[in-house]
Structure formats: structure tokens, C-alpha cells
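Residue numbering for the sequence shown follows our numbering, starting at 443 and increasing by one per position. Heads up, the beta-carbon is just placed ideally off N, CA and C, and yes, glycines get one too. Source: prediction; values computed, not measured. Taking it in order: structure first as C-alpha cells, then the write-up.
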Amino acid sequence: AQFGIALRTCDGEEASAGDAGTPFSIQSVSKLFTLTLAMQRLGESLWERIGREPSGNPFNSLVQLENEQGKPRNPFINAGAIAVADRLLTLFGREAGADVIEFMGSLAGEAIGFDEEVAASEAATGYRNYALANFMKSFGKLDNDVEAVLELYFHQCSLSMSCVQLARAGGYLSRDGVHPWAPGVNLLTERQTRRINSLMLTCGTYDAAGEFAAGRTRRGPAAPRNPARARGTTRLRRRAFALA
């Protein structure tokens with residue numbers, strides 16, 4: 443077993459512990475970054491095919507998809523991420539995987555790669571994802587060949603990154619969309635960044651999102667009672683972005 447954690451502040455300071463430098467396949471964390479790339483290129487038109495509501499169901503559920511004519515509730519459940527992959531395939535063609543790699547490398551500040559063994563395993567066992575994609579295709583919600591869309595989706599889930607690289611890559615979310623390595627470059631507008639952060643809160647933990655949000659917003663018994671200390675804690679939270 444391995445455990446690692448990394449933190450990078452808005453000022454570029456970094457701290458890490460444990461196996462923070464060990465790469466692993468980032469799986470569903472990739473959905474955040476492909477969504478960012480799609481929003482960057484498509485803007486509001488992206489939401490014609492994908493909703494922005496919590497699903498209240500498991501991340502790979504078929505039931506809601508049928509009731510809503512193949513439109514996924516949000517971009518973080520599997521159906522939504524597959525729909526995002528379809529849009530990226532339309533934008534970039536069969537080389538979309540290379541564009542995703544290039545985008546992730548620019549965010550992490552160094553070269554990133556796919557774990558091909560993981561991608562092959564995903565393709566061999568992803569029966570539910572094949573069902574989701576074919577279901578959306580039957581409703582006319584995917585433009586590209588199902589196999590091509592899923593090839594991209596399985597590869598994005600197999601992106602191999604460390605905690606340190608993820609902490610660097612996600613920095614734009616705490617800086618109003620500003621590129622983590624290029625202070626004068628905006629990946630997203632401030633409004634788009636707020637929207638992604640809101641979606642992460644309301645949909646990012648799937649059917650546990652409500653419980654997670656309640657736990658993050660309610661005042662617990664250990665909450666600081668000293669006003670000055672509370673203000674300092676708030677400032678620290680605003681400055682820091684962490685992923686583990």
C-alpha cells in the first residue's frame with residue numbers, strides 16, 4: 443500500500459509527504475481536466491449535451507440516462523465524462539489523446555504519459571461504460587464512433603501522475619482560472635472556474651455529494667472560536683490547493 447499527499451499554494455510554495463512523487467493512474471480525477479479542456483474550447487455550448495445537476499445515483503448508473511433521453515446529469519459521472527470525451531474527439535480528431543497529454547503536461551509543468559497497461563485493462567473490463575456509450579449513441583447524444591470515444595476515455599483514466607504533479611496541475615482552480623505556470627494566461631474565465639468548483643462540490647463525489655457538502659459547510663465541534671484565528675484559517679484555505 444502507498445499513501446502520499448501534496449500541497450501547492452497560490453504563491454507556488456509546495457509541501458508533500460509520503461509517496462507523493464510516485465505516479466499512479468488518476469482514473470476519475472482526469473474528468474476534471476478533460477472538462478476544463480472542453481470548456482476552454484467550447485464554452486457554453488458544451489452544456490447542450492451535458493447537465494449540471496447532481497445525479498443522486500451511482501457514477502455508472504444506466505437508469506437515469508434512459509429517463510433523460512441519454513443526456514448525462516453532470517460531467518463527473520461516467521456517462522458525462524464519456525460525453526466530454528466525445529466532444530474532445532470532435533474537436534481534435536483521432537489525435538485527441540495526444541492533445542490531452544500535451545494539455546496535462548502544460549499544467550503539471552513536465553511530461554505526462556498514459557499507463558497503457560491500465561488503459562488495456564479498462565478496455566477489457568469496462569462493460570458498463572460500453573453500455574453507457576451505446577445508450578447515449580442510441581439517443582443521438584454521441585457524434586463519434588463508440589469505440590473511438592471509449593478509447594479516448596479509457597486512456598484519459600489511465601493518465602499516470604503523482605500527487606505533486608496533480609497539486610501543480612490543479613492550481614488554476616484556486617487562482618480564478620489563471621494558468622499555474624503562466625501568470626498572464628487564463629485557462630478559463632473566473633466565471634467558468636467558479637462553475638467547475640461548484641460542480642466539484644455538488645457532483646464530484648457522486649451520490650455522496652450531499653453528505654460531503656454538508657460535512658464541509660457545517661460548523662463542527664473543533665471549529666476555531668477565536669475570530670482572529672478563524673480569519674487566518676480562512677486565508678490559508680483560500681491560498682492553498684491540495685490533491686492526494
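Item                                                                                                                                                               : Value
Go through its chain and collect everything with a Cβ distance to Gly-662's Cβ below 8 Å, but skip five positions before and after it.                             : Only weak support exists for where Gly-662 lies, its pLDDT of 42 falling under 50; the value from the coordinates is given anyway. Cβ within range, chain order: n/a, list empty.
On the CB-based measure, 16 or more other CB atoms within 10 Å of its CB, does Tyr-700 come out buried or exposed?                                                 : Because the chain spans 443 through 686 in this model, residue 700 falls outside it and cannot be assessed.
Name the two residues that bound the continuous beta strand (DSSP E) containing Ser-458.                                                                           : 456-460
What whole-angstrom Cβ distance do Asn-516 and Gln-506 have, given they're in contact under 8 Å?                                                                   : Not a contact, Cβ separation roughly 11 Å.
Note down, in chain order, each residue of its chain lying with its Cβ closer than 8 Å to the Cβ of Leu-584, except the 5 sequence neighbours on either side.      : Ile-524, Ala-525, Asp-528, Ala-575, Met-578, Val-591
The beta strand (DSSP E) with Arg-450 in it runs from where to where?                                                                                              : 446-451
Tell me where the alpha helix (DSSP H) around Ser-602 begins and ends.                                                                                             : No alpha helix (DSSP H) contains Ser-602, which is instead part of the beta strand (DSSP E) from 601-603.
How would you write the range of the alpha helix (DSSP H) that Phe-577 sits in, first residue to last?                                                             : 569-580
Count the other CB atoms, across all protein chains shown, that sit within 10 Å of the CB of Gln-469; report buried if there are 16 or more and exposed otherwise. : exposed
For Leu-530 versus Leu-608, is the C-beta spacing smaller than 8 Å?                                                                                                : no
Return yes when the Cβ of Glu-653 is within less than 8 Å of the Cβ of Ser-600, no when it is not.                                                                 : no
May I have the straight-line CA-CA distance separating Ser-580 from Leu-533, to the nearest angstrom?                                                              : 21 Å
Quick check on this structure: which residue in Asn-571, Asp-618, Gly-612, Arg-494 has the alpha carbon closest to the alpha carbon of Asn-502?                    : Asn-571
Mind checking whether Arg-450 and Arg-636 have CB atoms under 8 Å apart?                                                                                           : no
Check the DSSP bridge columns for Ser-467 and list the partner residues they point to.                                                                             : Ser-602
Taking the alpha carbon of Glu-456 as the reference point, which residue from Ala-651, Val-627, Cys-605 has its own alpha carbon closest?                          : Cys-605
Suppose you measure from the CA of Ile-519 to the CA of Ile-638; what does that come to, to the nearest Å?                                                         : 14 Å
Between the alpha carbons of Leu-504 and Glu-510, how many angstroms are there, rounded?                                                                           : 10 Å
Quick one: using the 10 Å Cβ neighbour count with 16 as the cut-off for buried, is Pro-625 buried or exposed?                                                      : exposed
Buried or exposed for Thr-478, please, with buried defined as at least 16 other CB atoms from any protein chain shown within 10 angstroms of its CB.               : buried
In chain order, what residues of the same chain lie with their CB nearer than 7 Å to the CB of Gln-634, ignoring the 5 residues before and after it?               : Met-481, Gly-619
By the DSSP assignment, the alpha helix (DSSP H) with Tyr-482 in it spans what residues?                                                                           : In the sequence as presented, Tyr is not what sits at residue 482; that position holds Gln. That run of the alpha helix (DSSP H) goes 472-484.
Nearest-angstrom Cα distance between Gly-512 and Ala-553?                                                                                                          : 36 Å
Suppose the cutoff is 7 Å on Cβ atoms and the five residues either side in sequence are ignored; what does the same chain contact list for Asp-461 look like?      : Gln-444, Phe-445, Gly-446
Let's see if you can read the secondary structure: which residues bound the alpha helix (DSSP H) around Gln-511?                                                   : Looking at the DSSP string, Gln-511 is not in any alpha helix (DSSP H), and its letter there is neither H nor E.
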